[in-house]
Amino acid sequence: MLAAVIVLAWGMSVSGAYAAAQTSEAKVLIVYSQNRLLPGNIDFDRGFNEASKDGVTRDVHFFAEFLDSPESAGDVFESRTAAYLKEKYAGRPPQVIVGAGAGALAFLLRRRAEMFPGVPIVYGGVDRRVLKTLALPADVIGVPVDYDIRGTIELARRLQPDARRLVVVTGASNWDHQRQMDIRADLENLRSGLPVEYLAGLPGSDLGARLAKLTRDTIVFTPGYFADGAGRSVNPRDSVTMMAGASGAPLYVLYSSQIGTGAVGGRMPAFSQMGRAARIIVDGLLEGASASSIAIPAAIPSQVQLDWRQVRKWNIAADHIPPSAVIQFREPTFWEAYHKQAIIAAAVMSAQAVLIGALLFERRRRRSTAAALVESEERVRLAADAARLTTFSWDFARDRSAANAGLRERADPPQRTAESFEHILQTVHPADRERLGLAAHRAAANHTELDVEFRARQPDGEIRWYAARGQRTATDSDTLTGVKMDITARKTAELQAEADRAALTHLSRVATMGQMSAAIAHQLNQPLAAILGNAETARKMLGRKDASIEDLREILDDIVAEDNRAAEVIRRLGALYKRGEIELSELDLNDLVRETLNLLRAELTMRKVSPVLELAASLPAVRGSRVHLQQVLLNLVLNATDAMTAVDPGRRTVVVRTSSEAEHARVCIVDRGTGIAAGDLPRVFDAFWTTKANGVGVGLAICKAIINSHRGTLAAENNPEGGAAFCFTLPLAGSA
């Protein structure tokens, strides 16, 4: 017995890294029910180690002990084993104990108090039937296993639908007797409809002879056994190998470690999965989690596992195999076995063909590429010369600047004389000098892009416009490099366009005044008629001897007043006819509206249009050009009157409304005409677009340009009650 204890206590120590919150070294003791060479124990250990966590911060030491043969059990054996383990691990007590198998769990439950009191136990590979018979303390946890006897028999019936009987083979050990009882209980509940024959405890030779007589219409099921009827101990996997080799019928097994022995397969949990599940629980306990707080699956999942060689041997139809089955030892097809080699061979041959083809036209390709490169470089040079590009660099750390005249000099760049940046700034127009200097220093200091336009004096005295763009180089952090382009032609065109736009604006204003010529004549005729009447009256009075000096003075005062009235009309008209630069000043929009409508009074009367003023009280001043804003008002009011030509004269009303909102003043001209067609709204401000038969289509476009130049907005919309509204906003004089 002592020798058995010594063999039993043989331990296998495995150390591995493990990440945990504690800083002390952790120890885990794994106790296996059977000997260390049992295939199930090997698979369990493999799964246990594969489930280890990454990112370790300290070592966890694992120690393994094996209880050897199930026939060695007994109180004396257990007592000596417990005493041995207690003494062996007295100086290095484990923090967690793992019981691998029902025998190990039962041993630990009986002896834990004397060996390692209070140490939690994690079990694995224990059948749920066994667990139901045990009263487990709260600190004994694990994932149950369902060794699926019924599922395996049902699988066999599916694979062999023509089977006529079932033969169950078990051994003579205590463990074998327990398996036979479990099988009998499950088969009674299964009611498979097949007659069942039990071959239990037969000597190995007799069993082989009995199995050899079986035919293919029989299902053989066995969990394997530890001892035969002759008392010979055997590994369950080896017993299955013997039975499968002798049997004349397909054989099905209960444990995953028995796949590959000649058995067809079965529905079973994997021992490696049991090891992984146990390791996850161990990790949680070592991290400080309590046994009750760890989430534990209901059971280790079972899956159908089949040996493809046996499927083919027994001619089992492929359509009888469950789709989810795990097929092992399947012989790959040629493509499955050698597809990498085939792909490589095809790739090599293709590469050879491509290489041969490439060599055939390589010279032509090189020549074509060289010619295209020369042509491309020439085009770039021509474009650069046409654009008058100049490259520049500024080493601001040493304050040295240099420039090349053009890209053509890249092939043979001339020696350039480095100059200080301040010296280069002296060639810049005084009005642009400070702005260019600030932009360059800002780009150098902040790693931002330089983008600036400036004027520079040429050696012959000519002033030209340039655009410079550049940035600090990535390879040299103290150098700002870029290109400079001559944009004199563009600037000249922009100035000409601005002049043309001003001329067009003036012509539009003159044309508007031309439309009002009759009304203007009427406005001038009134004071002139009054002057004429007063002058004739004064002349008659002078012919009388009793003429009153006071009456003559009153008549002359009336003449002066009417003359001033006519002069004011002419002054206002002259301001509108005058052509010149935009002069900005602070304006009262309410006064500007009143003045404009006063100028339009006669025209509105002739068109039978009634003006309505809705002016905001205490409207803040705006900054703008009086003449140009008055042109906008004239144009919008006249457009409003044109829109009401077909409207009954009694409804012809133009509302001019002013208001303030945030930092802007707002002016709206609202008519009661027919409105604007929905499709025309996006185009009303387009140049040369009009709905008038005799219109040119520039009035609203000019109004838009004027308002934009004042940093304002002009928009059009239809009124819900009819007609249209044109509203523009202008920044208040005090806003930025």
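Mapped onto my numbering, the consecutive letters of the sequence shown carry residue numbers 1 to 736. Using N, Cα and C, we set each Cβ at its ideal position, and we do this for glycine too.
1) For ALA445, report the span of its alpha helix (DSSP H) as first-last.
2) Could you compute how far the alpha carbon of THR222 sits from the alpha carbon of ALA106?
3) Run through the stretch 159-210 for me and flag every whole beta strand (DSSP E) of 3 or more residues, listed as ranges in chain order.
4) Using a threshold of 8 Å, state whether the C-beta atoms of ILE479 and SER368 are closer than that.
5) Quick one: using the 10 Å Cβ neighbour count with 16 as the cut-off for buried, is ILE356 buried or exposed?
6) Mind checking ALA156: buried by the 16 CB within 10 Å criterion, or exposed?
7) At the level of alpha carbons, what is the spacing between GLU614 and THR658?
8) What number of angstroms, rounded off, separates the C-alpha of ARG184 from the C-alpha of PRO144?
9) Is it the case that the CB of ASP176 approaches a heavy atom of the ligand SAH more closely than 7 Å?
10) Using DSSP's beta-bridge definition, name the partner residues of VAL452.
11) Check whether the stretch 216-230 and the stretch 126-134 are in contact - that is, three or more C-beta pairs closer than 8 Å.
12) Can you say whether PRO414 is buried or exposed, counting buried as having 16 or more other CB atoms within 10 angstroms of its CB?
13) Below 8 Å between beta carbons: does that hold for THR170 and ALA212?
14) Within its chain, find whatever has a CB closer than 8 Å to the CB of LEU592; leave out the 5 residues flanking it on each side and keep chain order.
15) Suppose you measure from the CA of ILE327 to the CA of VAL311; what does that come to, to the nearest Å?
16) When the Cα atoms are used, what is the spatial distance from ASP642 to MET485?
17) Report the rounded CA-to-CA distance for THR645 versus GLY722, giving the unit in angstroms.
18) Determine the direct distance from the alpha carbon of GLU375 to that of GLU453, and round the result to whole angstroms.
19) Taking only the alpha-carbon atoms, compute the straight-line gap between PRO301 and ALA102 and give it to the nearest angstrom.
20) Straight-line CA distance for ARG457 to SER420?
21) Assuming ASP182 and ILE149 form a contact by the criterion Cβ under 8 Å, report the distance between their Cβ atoms to the nearest whole angstrom.
22) Inspect the CB distances between the stretch 241-260 and the stretch 278-296 and report whether three or more fall short of 8 Å.
23) Tell me the residue span of the alpha helix (DSSP H) that contains ILE706.
24) Just the Cα atoms here: how many angstroms apart are ARG666 and ASP588?
25) Helix, strand or coil: how does DSSP classify TYR84 here?
26) With ALA271 as the anchor, note down where its alpha helix (DSSP H) starts and where it stops.
27) Is DSSP giving ARG363 helix, strand or coil here?
28) DSSP beta-bridge partners for LEU629?
29) Can the beta-carbon of ALA278 be found closer than 8 Å to that of GLY124?
30) Using alpha carbons as the reference points, say which of GLN95, ARG46, LEU190, SER350 lies closest to ALA289.
31) With distances taken from CA atoms, which of ALA640, VAL622, ASN635, ALA617 is nearest ASP611?
32) Rounded to the nearest angstrom, what separates ASN635 and GLY699 at their Cα positions?
33) Write down the C-beta distance between ARG46 and SER272 rounded to the nearest angstrom, noting that I regard them as a contact closer than 8 Å.
34) Buried or exposed for GLY231, please, with buried defined as at least 16 other CB atoms from any protein chain shown within 10 angstroms of its CB.
35) Helix, strand or coil for THR645 per DSSP?
36) Can you give me the start and stop residues for the beta strand (DSSP E) that ASN235 sits inside?
In terms of the structure at hand:
1) Here residue 445 corresponds to residue number 445 of the sequence shown, with the count starting at 1. Counted as a single uninterrupted DSSP element, the alpha helix (DSSP H) harbouring ALA445 occupies residues 430-446.
2) In the sequence shown, the residue the question calls residue 222 occupies position 222. In the sequence shown, the residue the question calls residue 106 occupies position 106. Roughly 24 Å between the two C-alpha positions.
3) As far as the stretch 159-210 is concerned, its whole beta strand (DSSP E) runs of at least 3 residues are 165-170, 196-200.
4) Taking the sequence shown and counting its residues from 1, the one referred to as residue 479 is at position 479. Taking the sequence shown and counting its residues from 1, the one referred to as residue 368 is at position 368. This sequence places Thr at residue 479; Ile is not what is there. The answer is no: Cβ separation not under 8 Å.
5) Translated into positions along the sequence shown, residue 356 becomes position 356. Here ILE356 is exposed, its C-beta having fewer than 16 other C-beta atoms within 10 Å.
6) Numbered from its first residue, the sequence shown carries residue 156 at position 156. If you draw a 10 Å sphere on the C-beta of ALA156, you find 16 or more other C-beta atoms in it, and that means buried.
7) Here residue 614 is taken as the residue at index 614 of the sequence shown, counted from 1. Here residue 658 is taken as the residue at index 658 of the sequence shown, counted from 1. Computed Cα separation, rounded: 6 Å.
8) One-based indexing of the sequence shown puts residue 184 at position 184. One-based indexing of the sequence shown puts residue 144 at position 144. Near 21 Å, if we compare the C-alpha coordinates of PRO144 and ARG184.
9) Inclusion of the ligand SAH in the displayed structure is not the case, the ligand content being empty and no account of it being possible.
10) As a working note, residue 452 is residue 452 in the sequence shown. Under DSSP, VAL452 takes part in a beta bridge, and its partners are ALA468.
11) With the cut-off at 8 Å, the stretch 216-230 and the stretch 126-134 do not touch.
12) Within the sequence shown, numbered from 1, the residue matching residue 414 stands at position 414. With a pLDDT of only 44 at PRO414, under the threshold of 50, the placement of this residue in the model should not be trusted; the figure read from the coordinates follows. Exposed: under 16 other Cβ atoms inside 10 Å.
13) The residue given as residue 170 occupies position 170 in the sequence shown. The residue given as residue 212 occupies position 212 in the sequence shown. Taking 8 Å as the cut-off, the beta carbon of THR170 is found no closer than this to the beta carbon of ALA212.
14) Reading the sequence shown from its first residue, position 592 is the one you call residue 592. Cβ within range, chain order: ARG626, LEU629, GLN630, LEU633.
15) Within the sequence shown, the letter at position 327 stands for residue 327. Within the sequence shown, the letter at position 311 stands for residue 311. Taking the straight line from one Cα to the other gives about 10 Å.
16) Start at 1 with the first residue of the sequence shown, and residue 642 comes out as number 642. Start at 1 with the first residue of the sequence shown, and residue 485 comes out as number 485. C-alpha separation (whole angstroms): 50 Å.
17) Stepping through the sequence shown from its first residue, residue 645 is reached at position 645. Stepping through the sequence shown from its first residue, residue 722 is reached at position 722. Near 14 Å, if we compare the C-alpha coordinates of GLY722 and THR645.
18) Sequence index remark: in the sequence shown, residue 453 carries index 453 (1-based). Sequence index remark: in the sequence shown, residue 375 carries index 375 (1-based). Going by the C-alpha atoms only, they are around 32 Å apart.
19) Position 301 of the sequence shown, counting from 1, holds the residue named residue 301. Position 102 of the sequence shown, counting from 1, holds the residue named residue 102. Here the alpha carbon of PRO301 sits roughly 18 Å from the alpha carbon of ALA102.
20) For the purposes of this step, residue 457 is taken as the residue at position 457 of the sequence shown. For the purposes of this step, residue 420 is taken as the residue at position 420 of the sequence shown. Pairing ARG457 with SER420, the inter-Cα distance amounts to about 17 Å.
21) Residue numbering aside, residue 182 sits at position 182 when the sequence shown is read from its first letter. Residue numbering aside, residue 149 sits at position 149 when the sequence shown is read from its first letter. Indeed they touch by this definition, with Cβ atoms about 7 Å apart.
22) Flag = no, the stretch 241-260 and the stretch 278-296 do not touch.
23) Along the sequence shown, read from residue 1 onward, the residue named residue 706 stands at position 706. It spans 699-709 - the alpha helix (DSSP H) in which ILE706 sits, taken as one unbroken run.
24) The residue given as residue 666 occupies position 666 in the sequence shown. The residue given as residue 588 occupies position 588 in the sequence shown. So the alpha carbons of these two residues sit roughly 12 Å apart.
25) For this step, residue 84 is matched to residue 84 along the sequence shown. Three-state DSSP puts TYR84 in a helix.
26) By 1-based counting over the sequence shown, the position of residue 271 is 271. The amino acid at residue 271 is misidentified as Ala; the sequence shows Phe. Where PHE271 is concerned, the enclosing alpha helix (DSSP H) stretches over 271-286.
27) The sequence position of residue 363 within the sequence shown is 363, counting from 1. The three-state secondary structure of ARG363, taken from DSSP, is helix.
28) Counted from its first residue, the sequence shown places residue 629 at position 629. Residue pairing of LEU629 in beta bridges, as defined by DSSP: absent, with no partner found.
29) For this step, residue 278 is matched to residue 278 along the sequence shown. For this step, residue 124 is matched to residue 124 along the sequence shown. Yes; because the gap between Cβ atoms is below 8 Å, this pair is in contact.
30) The count along the sequence shown starts at 1 and reaches residue 289 at position 289. With distances taken between Cα atoms, ALA289 lies closest to GLN95.
31) By one-based count along the sequence shown, residue 611 stands at place 611. According to the sequence displayed, residue 611 carries Pro and not Asp. Of the candidates ALA640, VAL622, ASN635, ALA617, the one whose C-alpha sits nearest the C-alpha of PRO611 is ALA640.
32) Here residue 635 is taken as the residue at index 635 of the sequence shown, counted from 1. Here residue 699 is taken as the residue at index 699 of the sequence shown, counted from 1. Between the alpha carbons of ASN635 and GLY699 lies a gap of roughly 7 Å.
33) Stepping through the sequence shown from its first residue, residue 46 is reached at position 46. Stepping through the sequence shown from its first residue, residue 272 is reached at position 272. With a contact defined as Cβ atoms closer than 8 Å, ARG46 and SER272 qualify at about 6 Å.
34) Counted from its first residue, the sequence shown places residue 231 at position 231. Label assigned to GLY231: exposed.
35) The residue given as residue 645 occupies position 645 in the sequence shown. Three-state DSSP puts THR645 in coil, outside helix and strand.
36) Translated into positions along the sequence shown, residue 235 becomes position 235. Unbroken run through ASN235: none, as it is neither H nor E.
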